[in-house]
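Those protein sequences? They're chains A and B, same order as listed. For the first sequence, this note's numbering puts the final residue at 1014, and the numbers step up evenly by one. For the second sequence, this note's numbering puts the final residue at 133, and the numbers step up evenly by one.
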Amino acid sequence: MNEVLAILIAVAGGLAGGLVGVGGGVLFVPALTIFLGLGQVEAEATSLLTIVIVALVGAYRQNGYGNVRVREALVIAALSPLGVLVGVAVANNVPERALQLSFAALALFMAAQLVRRARSAPR
Amino acid sequence: MSDLTRGMRDGDLLRLAVIGTVAGLFSGLFGVGGGTVIVPLLILWFGYGERLATGTSLAAIVVIGMLGALAQGGIYGNVHVVTGLLLAIPAVVGVVMGTAIQQRIPQRAVSYLFALLLVAIAIELILK
Chain A
892 MNEVLAILIA VAGGLAGGLV GVGGGVLFVP ALTIFLGLGQ VEAEATSLLT IVIVALVGAY
952 RQNGYGNVRV REALVIAALS PLGVLVGVAV ANNVPERALQ LSFAALALFM AAQLVRRARS
1012 APR
Chain B
6 MSDLTRGMRD GDLLRLAVIG TVAGLFSGLF GVGGGTVIVP LLILWFGYGE RLATGTSLAA
66 IVVIGMLGAL AQGGIYGNVH VVTGLLLAIP AVVGVVMGTA IQQRIPQRAV SYLFALLLVA
126 IAIELILK
């Protein structure tokens, strides 16, 4: 039963990845911890493997539809390790609660901007 | 890097670099994938259509995830390879369906779905 639920959540994670372009880790991690018995750290590490495969297939399909700018994607990816290092430094110096609330505010701001843009776009 | 960036304007390059850094920053801090930041910033800063933004985000995530998985698997040995591969099978079915559906719905619907995702993430962070 747990395996069936894990499979269903994995399908949902992939579906979300295809629809909105995220890796699906938000769903893979709980599938791994709650239904497949992994610890949090192991689940987060293991979900990366699943995310890479999902993103690879998703990007391949999107490329077939003409929806990938490969060089731009590579520039973004190349700079991400720098961000991870900055993140570690920030996490060691700023209270976690302040970080959570800051990112929550940023997420809400981006959500509002996306809705505003979508409503005004003449499509 | 020079081949990679040929023909890109400095301003574009800087903004792409910021997106990459911010994506890495937030995935490192919160464990949310880089896509959460990459997709909205490509749409809002570069004026990408939703399909182009999500496709490009997935391509970036391939490399970002590989770097992360190598660090985790190589340095810390936390990756359960068989479990991760097995979980990928149904997930790949989902992503093939998801990308196919996305081509058939209005692009603005993707923005609305993404806004919902961002609100859900914000609520989760506030309630933590």
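Using N, Cα and C, we set each Cβ at its ideal position, and we do this for glycine too.
Consult DSSP for residue i and reduce its assignment to one of helix, strand or coil.
i	result
proline 972 of chain A	helix
alanine 1021 of chain A	The structure shown has nothing for residue 1021 of chain A, since chain A only spans 892 to 1014.
threonine 26 of chain B	helix
asparagine 984 of chain A	helix
alanine 1012 of chain A	coil
threonine 10 of chain B	coil
proline 111 of chain B	coil
tyrosine 53 of chain B	coil
methionine 71 of chain B	helix
valine 37 of chain B	coil
valine 979 of chain A	helix
methionine 1001 of chain A	helix
valine 84 of chain B	coil
methionine 102 of chain B	helix
glycine 908 of chain A	helix
Is the beta carbon of residue i sitting closer than 7 Å to the one on residue j?
i	j	result
valine 945 of chain A	alanine 96 of chain B	yes
phenylalanine 926 of chain A	alanine 903 of chain A	no
leucine 18 of chain B	threonine 26 of chain B	no
alanine 65 of chain B	isoleucine 43 of chain B	yes
isoleucine 126 of chain B	alanine 998 of chain A	yes
glycine 916 of chain A	glycine 908 of chain A	no
leucine 72 of chain B	isoleucine 967 of chain A	no
leucine 976 of chain A	alanine 74 of chain B	no
glycine 89 of chain B	leucine 906 of chain A	no
valine 943 of chain A	valine 23 of chain B	no
proline 45 of chain B	methionine 1001 of chain A	yes
leucine 34 of chain B	alanine 980 of chain A	no
arginine 113 of chain B	alanine 1009 of chain A	yes
Who are the near neighbours of residue i in its chain, counting only those whose CB is closer than 7 Å to its CB and skipping five residues on each side?
i	result
alanine 901 of chain A	Phe919, Ala922
alanine 950 of chain A	Val959
Excluding the 5 residues preceding and the 5 following residue i in the sequence, name in chain order all residues of the same chain whose CB lies nearer than 6 Å to its CB.
i	result
alanine 964 of chain A	none
alanine 934 of chain A	Val920, Leu923, Thr924
Report, in whole angstroms, the separation of the C-beta atoms of residue i and residue j, which I expect to be a contact under 8 Å.
i	j	result
alanine 120 of chain B	isoleucine 69 of chain B	That pair is no contact at about 23 Å.
leucine 122 of chain B	valine 911 of chain A	6 Å
glutamine 77 of chain B	valine 87 of chain B	Not confirmed; about 16 Å, so no contact.
valine 115 of chain B	glutamate 55 of chain B	4 Å
Going along the chain, which residues of its own chain have a beta-carbon closer than 8 Å to the beta-carbon of residue i, five neighbours each way excluded?
i	result
phenylalanine 31 of chain B	Val37, Gly39, Thr41, Val42
Extract the residue ranges of the alpha helix (DSSP H) inside the region 914-966 of chain A, only unbroken runs of 4 or more that lie entirely within it.
916-921, 931-955
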